[in-house]
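Residue numbers (the numbering used here): -1 to 234.
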């Protein structure tokens, strides 16, 4: 839509004026006004003063974009005529637009090269098996440098094996939030017969199933009389 057509429609809406009414005032047919308003055609230059006179504006005001102060004034003029519920909708929309604008600012940009090169030192408390069982320790047994973002965590473990691929690779560092509870379908670290395993868990009435993401490994099933202890949830 051109500046003229958008300005014309704005002025007509402000006065609640129909295409037929404007057509009669400036001596053209209704179809011509409709085409002006939709941006299909533009009026001849000698018609601009007539149209401007109808709305009490200057001819140049019809063909130029509104400046910032006029836009704000127009927003106020229009919104002040709305009912309170519709004014609330305008406020919500404007607030969302401001949030999007702030989120698009340079302050929120991340230097990706710096991000992937950044390293943090992490205490490792042992390995979590993605295959055979592994031992956990009460104290850190080693330190590792991890590239990129390190979430807040209670302990960090190294994955040993490929049973949780493609999500976790052999040798990958995972971060654990210690917990006594876990939701069905979450991934956690479990102690089974003294060894630590990282698996996805499903709970039924009297059976607990630990699932490997790698389909070449069978599910592990445990019943009420078998001892399985939850260490915590893997932070994803």
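Quick reminder that beta carbons are idealized off the backbone N, C-alpha and C, glycines included.
- Excluding the 5 residues flanking it on each side, residue 47 has same chain C-beta neighbours closer than 8 Å at 57, in chain order.
- Leaving aside the five residues that flank residue 180 on each side, the residues in its chain whose CB is nearer than 7 Å to its CB run, in chain order, 186, 199, 228 and 231.
- The three-state reading of DSSP puts residue 188 in strand, counting E and B together.
- Shortest Cα-Cα distance from residue 3 to any of 97, 91, 76 and 33 involves 33.
- The three-state secondary structure of residue 153, taken from DSSP, is strand.
- Rounded to whole angstroms, the Cβ separation of residue 150 and residue 120 is 12 Å, and the two are not in contact under 8 Å.
- Taking each of 77, 126 and 74 in turn and checking the Cα distance to residue 161, the smallest one comes out for 126.
- Residue burial annotation: residue 234 is exposed, with fewer than 16 other C-beta atoms found within 10 angstroms of its C-beta.
- In this structure, residue 5 keeps its C-beta atom at 9 Å or more from the C-beta atom of residue 73.
- A straight line joining the alpha-carbon of residue 93 with that of residue 85 spans about 12 Å.
- Nearest C-alpha to residue 192 among 208, 226 and 222: 226.
- In summary, residue 159 is buried, with 16 or more beta-carbon neighbours lying within 10 Å of its beta-carbon over all protein chains present.
- Shown here for residue 215: same chain residues with a beta carbon closer than 6 Å to its own, the five before and five after excluded, namely 161 in chain order.
- Around residue 217, the same chain offers 207, 208, 209 and 210 as residues with beta carbons nearer than 8 Å, after the five sequence neighbours per side are excluded.
- DSSP, reduced to helix, strand and coil, places residue 227 within a strand of the structure shown.
- Beyond the five residues adjoining it in sequence on each side, residue 152 comes within less than 7 Å, by CB distance, of 174, 175, 176 and 230 in the same chain, given in chain order.
- When the Cα atoms are used, residue 31 and residue 75 turn out to be separated by approximately 24 Å.
- Assignment of residue 39 by DSSP, reduced to helix, strand and coil, places it in the coil class.
- The three-state secondary structure of residue 53, taken from DSSP, is helix.
- Spanning the alpha carbons of residue 88 and residue 77 requires a straight line of approximately 7 Å.
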